[in-house]
Each structure stands twice: as structure tokens, then as C-alpha cells.
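Report on the following structure.
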Amino acid sequence: MANQYAVIGLGRFGISIAAKLFESGQEVLGVDMNEERVEESHPYVTHSVIADSTDAEALKAIGIRNFDTVVVAIGSDIQASILSVLLVKELGVKNVIAKAINKLHGQVLRKVGADWVVYPERDMGIRVAHHLLSPNVLNF
Ligand code: ATP
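Quick note, in the UniProt record's numbering, the sequence shown goes up one by one and the last residue is 140.
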């Protein structure tokens with residue numbers, strides 16, 4: 001059975017996650033406050049909506065608590081990222097994954113309830129270095 005995912009923030013990171021889940025047969029709701037990002041996401045998600053994830057009423061209106069997993073893929077607006085994770089957890093979502101742009105951001109995300117914090121730039125940098133150190137190992 002398909003899991004229900006919501007991806008908040010449809011930048012390069014968010015849309016990559018959403019598209020891969022959708023391609024694998026999962027139900028994916030894309031959420032962004034930018035109308036253009038929402039329109040561009042249509043081929044890669046089950047549904048997408050324009051909403052501000054720092055607005056608790058907007059999150060309730062999209063039924064965020066019914067999703068098994070919510071990915072908060074907002075990076076540069078740290079305040080919006082933190083507030084979104086806090087609200088999504090308070091509204092009862094069990095599994096919340098959040099993107100952090102630095103260590104302090106990640107620590108705060110953990111404190112407000114993120115279940116898993118990812119650091120895309122740092123982790124990709126480490127992967128590239130591993131790849132350079134062992135060019136015969138294909139890990140993609
Ligand atoms: P990426 O590195 O993934 O491409 P980015 O640098 O383009 O991200 P970010 O600031 O990380 O931009 O934001 C990612 C997306 O999150 C953007 O499309 C932005 O419109 C969206 N976003 C930011 N704040 C909110 C919010 N409060 N509610 C909904 N979407 C938001």
C-alpha cells in the first residue's frame with residue numbers, strides 16, 4: 001500500500017524527494033507558498049497546493065495530520081523552517097524529516113521535534129570526497 005507523504009518547500013531538494021517518491025508509486029502532496037513552484041511541480045507529485053507552512057490554519061486545512069511522513073525542505077528561511085517543523089509536529093505528524101543548512105539550525109530542528117534532520121550540502125560533499133578517494137566504487 002502507498003504511504004502518504006507531504007513535501008513542504010518545492011525547491012531543488014524538496015522536488016527531488018517528491019519526484020522520486022511519486023515515481024516509486026507513493027502518494028505525494030507538494031506544498032509551497034510560491035505559486036510558480038507549485039505549478040512546476042505538477043508532473044512530479046500526486047497533488048500540490050499553495051500554502052504557507054508557518055500558518056497553522058493552512059496546515060490544518062490541507063489535513064497535514066493525515067500524512068505518515070512530512071518533509072520540511074525549506075532551507076534559507078530558517079525561521080520558516082523551524083516554525084513549520086514545530087507546527088507539523090504539534091498537529092500530530094509522527095515522522096517529520098527536515099533539511100538544515102548548518103549545525104545550529106539542525107540542533108534547533110531536533111529540539112522542536114524533527115525526527116530526522118538532513119544536511120544535503122554537507123552530506124553530498126562527503127559523498128563526493130568518498131567517491132574521489134575510491135574512484136572504483138560506484139555508490140550512486
Ligand atoms: P533548494 O536549495 O532546495 O533549491 P532554495 O534555496 O530554492 O531551496 P529555500 O529557501 O530552501 O529555497 O526554499 C525552498 C522552497 O520552500 C521554496 O520554493 C520556497 O518558496 C518554499 N518556502 C519557503 N518558505 C515557505 C513557507 N513558509 N511555506 C511554504 N513554502 C515555503
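Idealized CB from N, CA, C, for every residue including glycine.
Since the structure is predicted, the reported quantities are computational estimates derived from the model, not experimental observations.
Open item on the list: Taking CB distances under 9 angstroms as the criterion, tell me whether Gly14 reaches chain C.
Closed with: Note that chain C does not occur in the displayed structure, where there is just one protein chain.
Task: Any 3 or more C-beta pairs closer than 8 angstroms across the region 45-64 and the region 103-117 - done: no
Task: Contact under 9 angstroms by Cβ, Leu86 with Arg65 - done: no
- [ ] Following the continuous beta strand (DSSP E) through Lys94, name the residue where it begins and the one where it ends.
- [x] Where Lys94 is concerned, there is no enclosing beta strand (DSSP E), given that its DSSP letter is neither H nor E.
- [ ] Look at the alpha carbon of Glu36 and the alpha carbon of Leu132, and state the distance between them as a whole number of angstroms.
- [x] 37 angstroms
Task: Beta-carbon proximity check, Asp115 vs Lys94, cutoff 9 angstroms - done: yes
Open item on the list: I believe Gly30 touches Leu10 by the beta-carbon criterion, under 8 angstroms. Please report the beta-carbon distance rounded to the nearest angstrom.
Closed with: 5 angstroms
Open item on the list: With a threshold of 7 angstroms on Cβ separation, who are the neighbours of Ser84 within its own chain once the five nearest residues in sequence on each side are excluded?
Closed with: Ile8, Ser53, Thr54, Val72, Ile74
Task: Candidates Asp77, Tyr44, Glu40, Ile17: closest to Val70 by CA position - done: Ile17
Task: Per-residue DSSP class, three states only, for Ile8 - done: strand
Open item on the list: Between the alpha carbons of Ile97 and Val118, how many angstroms are there, rounded?
Closed with: 7 angstroms
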